[in-house]
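A.B. asks: Using the working numbering, you'd call the opening residue of the sequence shown number 2 and step up by one each time. Have a look at this one.
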Amino acid sequence: MTKTFCPLPWIHLATRPNGDVRVCCTANASGAGVTDDKEAGLVKQDGINMNLREHTIEEVWNSEHMRNTRLQMLNGIVPESCRKCFAEEYAGIVSKRQWETEVWKERLDVDSIVAETDADGYLPVNIPYFDLRLGNMCNLKCTMCSPHDSSSWIKDWKLIYPKIKNKDLKTDQVWDSSFDYTWYKKSSFLNSVKEQTSNIKELYFAGGEPLMIPEHSHILNALVESKDAKNIILRYNSNGMYIDQKMLDVWRNFKQVKYNFSIDAIGERNDYIRYPSKWNDIENKLRFITENKTDNIFVNVACAVQVLNVHHLVDMAEYLIDKDYNINVETPIMGTHLVYFPSYMNVRVLPHEKKLIVKERIEQFIDKITDEKFVNHPYGKQRWQGLINYMMAEDWSHKMPMLTEYLELLDKQRGTDFRKTFPEL
2 MTKTFCPLPW IHLATRPNGD VRVCCTANAS GAGVTDDKEA GLVKQDGINM NLREHTIEEV
62 WNSEHMRNTR LQMLNGIVPE SCRKCFAEEY AGIVSKRQWE TEVWKERLDV DSIVAETDAD
122 GYLPVNIPYF DLRLGNMCNL KCTMCSPHDS SSWIKDWKLI YPKIKNKDLK TDQVWDSSFD
182 YTWYKKSSFL NSVKEQTSNI KELYFAGGEP LMIPEHSHIL NALVESKDAK NIILRYNSNG
242 MYIDQKMLDV WRNFKQVKYN FSIDAIGERN DYIRYPSKWN DIENKLRFIT ENKTDNIFVN
302 VACAVQVLNV HHLVDMAEYL IDKDYNINVE TPIMGTHLVY FPSYMNVRVL PHEKKLIVKE
362 RIEQFIDKIT DEKFVNHPYG KQRWQGLINY MMAEDWSHKM PMLTEYLELL DKQRGTDFRK
422 TFPEL
């Protein structure tokens with residue numbers, strides 16, 4: 002394996018909510034101090050985004066973009082799509098490239114799969130890993146989200162967007178309302194996925210809110226009926242509001258279910274960030290799934306770290322430690338990942354004096370945790386220190402006017418007040 006190798010272009014196909022295909026979800030996360038191109042990481046053909054409404058899985062899999070990505074990695078070159086992972090690694094954060102490599106070398110003979118790559122980058126269409134975003138249907142309109150990922154955002158966007166004065170914010174908030182978020186109903190995509198069932202090792206569902214979307218259940222039921230479910234791992238990022246006993250009963254048929262419960266703060270800060278959810282409902286759902294899950298279901302709290310909650314990561318960690326939920330976390334205490342888009346909500350936007358306060362509080366917290374798993378796990382102390390290193394590495398405080406105008410417009414629309422909820426800002 003070269004120093005730029007990642008297994009995903011050989012084993013993985015990922016969609017956006019509108020059906021566009023991307024090298025992976027991390028490759029198509031703009032910001033990162035590397036690029037502000039919203040289309041970074043999208044698979045293109047003749048300059049046009051490849052979309053699974055018009056293109057088949059087979060066409061995408063051996064498109065020029067995917068073939069070139071494979072060949073660049075084999076030749077030790079960092080593909081343009083993949084620069085974000087290397088930026089994280091430089092800050093000491095375990096990147097998606099690194100952890101996916103570790104996971105899949107245990108599950109598959111990656112060397113043998115790579116050996117099937119021909120001189121032009123072609124590869125047989127045997128796909129063990131799908132990352133599926135089946136549309137933008139969602140019940141929440143989180144502060145760091147947009148209509149592209151949440152149907153509930155559309156009404157607010159239509160009212161807020163015309164009022165934006167900051168030119169950079171206006172550009173940042175552009176959304177193409179002509180996108181077809183029901184693409185998966187109007188193509189051969191679902192049938193093609195079913196044809197891959199004997200190859201599938203993992204299905205990753207994210208949003209929108211995946212548990213709301215009927216086709217998600219249709220796929221699971223088809224896998225149960227085909228008897229392939231017992232060989233497949235399911236992974237989720239979900240807001241938890243649609244967890245019920247019926248879903249748990251379906252999940253018991255699968256080899257393993259890794260449920261990442263998206264929680265970004267506690268109390269009123271949750272209610273602001275993950276509007277219009279209520280903290281009491283979040284707690285009830287967290288308690289329900291941890292008390293009723295079967296042995297093949299593993300729950301992890303996944304926190305999207307951004308400018309609004311970075312001051313309070315310690316509060317949430319201490320809450321989880323105190324409550325001692327029955328959570329079989331892959332990451333000690335809780336999982337963390339950075340918000341890169343919108344870029345004005347990235348932690349680098351904080352002024353330096355605010356960063357120093359955050360740095361001191363997080364370092365005091367991680368230094369007092371003596372649990373061996375937290376100290377030695379790459380997603381424990383190392384990850385938290387990596388977040389600090391990333392935050393301190395660059396000054397993006399010039400984006401503060403964008404953030405302020407955005408939150409003020411949002412508050413006026415929703416009847417909230419970020420200054421009261423986050424007085425430290």
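Think of the CB as a built atom: it goes at the ideal place given N, C-alpha and C, for glycine as much as any other residue.
With respect to the alpha helix (DSSP H) encompassing Ser-278, which residues constitute its N-terminal and C-terminal limits?
C.D. replies: Taking the first residue of the sequence shown as position 1, residue 278 is located at position 277. That residue, Ser-278, is in no alpha helix (DSSP H); it is neither H nor E in DSSP.
A.B. asks: DSSP three-state call for Ser-263: helix, strand or coil?
C.D. replies: Against the sequence shown, residue 263 aligns to sequence position 262. Three-state result, Ser-263: strand.
A.B. asks: Here's the rule: buried if 16 or more other CB atoms are within 10 angstroms of the residue's CB, otherwise exposed. What is Ala-33?
C.D. replies: Translated into the one-based positions of the sequence shown, residue 33 becomes position 32. Because Ala-33 sits at a pLDDT of 45, beneath the cut-off of 50, its placement in the model cannot be relied upon, and the following sentence gives the value as read from the coordinates. By the 10 Å Cβ count, Ala-33 comes out buried.
A.B. asks: Quick check: the Cα distance between Thr-5 and Gly-77, rounded to an integer number of angstroms?
C.D. replies: For the purposes of this step, residue 5 is taken as residue 4 along the sequence shown, with counting starting at 1. For the purposes of this step, residue 77 is taken as residue 76 along the sequence shown, with counting starting at 1. Their Cα atoms are separated by approximately 5 Å.
A.B. asks: If you reduce the DSSP assignment to three classes, tell me which class Glu-196 lands in.
C.D. replies: Counting from one through the sequence shown, the residue named residue 196 turns up at place 195. Glu-196 sits in a helix when the DSSP states are folded into three classes.
A.B. asks: Using the beta-carbon count (16 or more within 10 Å), is Pro-18 buried or exposed?
C.D. replies: Along the sequence shown, one-based indexing puts residue 18 at 17. With 16 or more Cβ atoms within 10 Å of its Cβ, Pro-18 is classed as buried.
A.B. asks: My output table needs one value for Lys-45: the three-state DSSP class, helix, strand or coil.
C.D. replies: Position 44 of the sequence shown, counting from 1, holds the residue named residue 45. Here Lys-45 sits in strand by DSSP.
A.B. asks: Just verifying my parser: in three-state terms, what is the DSSP assignment at Val-251?
C.D. replies: Locating residue 251 in the sequence shown gives position 250, counting from the first residue. Residue state, collapsed to three classes: helix.
A.B. asks: Taking the alpha carbon of Gln-73 as the point to measure from, which residue in Val-22, Cys-7 and Leu-135 has its own alpha carbon closest?
C.D. replies: Walking along the sequence shown from the start, residue 73 turns up at place 72. Nearest option by C-alpha distance: Cys-7.
A.B. asks: Where does Phe-206 sit, in a helix, a strand or coil, going by DSSP?
C.D. replies: As a first step, residue 206 must be located in the sequence shown, where it is residue number 205. Strand.
A.B. asks: Looking at the structure shown, is Ala-92 part of a helix, part of a strand, or coil, going by DSSP?
C.D. replies: By one-based count along the sequence shown, residue 92 stands at place 91. Correct three-state label for Ala-92: coil.
A.B. asks: Where Tyr-91 and Ala-223 are concerned, what is the direct C-alpha to C-alpha distance, given to the nearest angstrom?
C.D. replies: Taking the first residue of the sequence shown as position 1, residue 91 is located at position 90. Taking the first residue of the sequence shown as position 1, residue 223 is located at position 222. Going by the C-alpha atoms only, they are around 42 Å apart.
A.B. asks: If we ignore side chains and look at the alpha-carbon of each, how far apart do Glu-59 and Asp-112 end up?
C.D. replies: The residue labelled residue 59 in the question sits at position 58 within the sequence shown. The residue labelled residue 112 in the question sits at position 111 within the sequence shown. Using only the alpha carbons, I get a separation of about 22 Å.
A.B. asks: From which residue to which residue does the beta strand (DSSP E) around Gly-122 run?
C.D. replies: For the purposes of this step, residue 122 is taken as the residue at position 121 of the sequence shown. Per DSSP, Gly-122 belongs to no beta strand (DSSP E) and is neither H nor E.
A.B. asks: Could you check where the alpha helix (DSSP H) with Asn-271 kicks off and where it finishes?
C.D. replies: As a first step, residue 271 must be located in the sequence shown, where it is residue number 270. Bounds of the alpha helix (DSSP H) holding Asn-271 are 269-274.
A.B. asks: Out of curiosity, what's the CA-to-CA distance linking Ser-31 and Phe-342?
C.D. replies: One-based indexing of the sequence shown puts residue 31 at position 30. One-based indexing of the sequence shown puts residue 342 at position 341. Note on Ser-31: pLDDT 47, under 50, position unreliable in the model; the coordinate value appears next. Their backbone Cα atoms lie some 6 Å apart in a straight line.
A.B. asks: Can you give me the start and stop residues for the beta strand (DSSP E) that His-338 sits inside?
C.D. replies: Here residue 338 refers to the residue found at position 337 of the sequence shown. Residues 336-339.
A.B. asks: Looking only at C-alpha atoms, which of Ser-189, Met-67 and Lys-168 sits nearest to Thr-57?
C.D. replies: Sequence index remark: in the sequence shown, residue 57 carries index 56 (1-based). Among Ser-189, Met-67 and Lys-168, the Cα nearest to that of Thr-57 is on Ser-189.
A.B. asks: Can you check whether the CB of Trp-176 is closer than 8 Å to the CB of Ser-147?
C.D. replies: Locating residue 147 in the sequence shown gives position 146, where the first residue counts as 1. Locating residue 176 in the sequence shown gives position 175, where the first residue counts as 1. Yes, these two residues count as a Cβ contact at 8 Å.
A.B. asks: Using the rule of at least 16 other Cβ atoms within 10 Å of the residue's Cβ for burial, across every protein chain shown, is His-13 buried or exposed?
C.D. replies: On the sequence shown, position 12 is the one that residue 13 refers to. Classification of His-13: buried, given that the 10 Å Cβ count is 16 or more.
A.B. asks: Would you give the residue range spanned by the alpha helix (DSSP H) that Arg-68 belongs to?
C.D. replies: For this step, residue 68 is matched to residue 67 along the sequence shown. 65-75 is the span of the alpha helix (DSSP H), which, as asked, contains Arg-68.
A.B. asks: Using DSSP bridges, identify the partner residues of Val-300.
C.D. replies: Taking the first residue of the sequence shown as 1, we reach residue 300 at position 299. Tyr-260.
A.B. asks: Could you give the DSSP three-state label for Asn-240: helix, strand or coil?
C.D. replies: The residue labelled residue 240 in the question sits at position 239 within the sequence shown. Coil.
A.B. asks: Consult DSSP for Tyr-130 and reduce its assignment to one of helix, strand or coil.
C.D. replies: On the sequence shown, position 129 is the one that residue 130 refers to. DSSP places Tyr-130 in the strand class (E or B) of the three-state scheme.
A.B. asks: Assuming the contact rule is C-beta atoms closer than 8 Å, Lys-382 and Ile-367 should be a hit. Round their C-beta distance to whole Å, please.
C.D. replies: Your numbering for residue 382 matches position 381 in the sequence shown. Your numbering for residue 367 matches position 366 in the sequence shown. Contact flag correct, Cβ pair sits at about 5 Å.
A.B. asks: With Leu-9 as the anchor, note down where its alpha helix (DSSP H) starts and where it stops.
C.D. replies: Position 8 of the sequence shown, counted from the first residue, corresponds to residue 9. That run of the alpha helix (DSSP H) goes 9-12.
A.B. asks: What does DSSP give as the partner residue(s) for Val-306 in the beta ladder?
C.D. replies: Working through the sequence shown from its first residue, we reach residue 306 at position 305. Val-306 pairs with Leu-339.
A.B. asks: Find the nearest neighbour of Ala-120 within the set Asp-272, Val-104, Lys-231 and Thr-70, judged by alpha-carbon distance.
C.D. replies: Here residue 120 is taken as the residue at index 119 of the sequence shown, counted from 1. Nearest of Asp-272, Val-104, Lys-231 and Thr-70 to Ala-120, Cα basis: Thr-70.
A.B. asks: Between which two residues does the alpha helix (DSSP H) holding Lys-400 run?
C.D. replies: Numbered from 1 along the sequence shown, position 399 holds the residue referred to as residue 400. From DSSP, Lys-400 is part of no alpha helix (DSSP H); its letter is neither H nor E.
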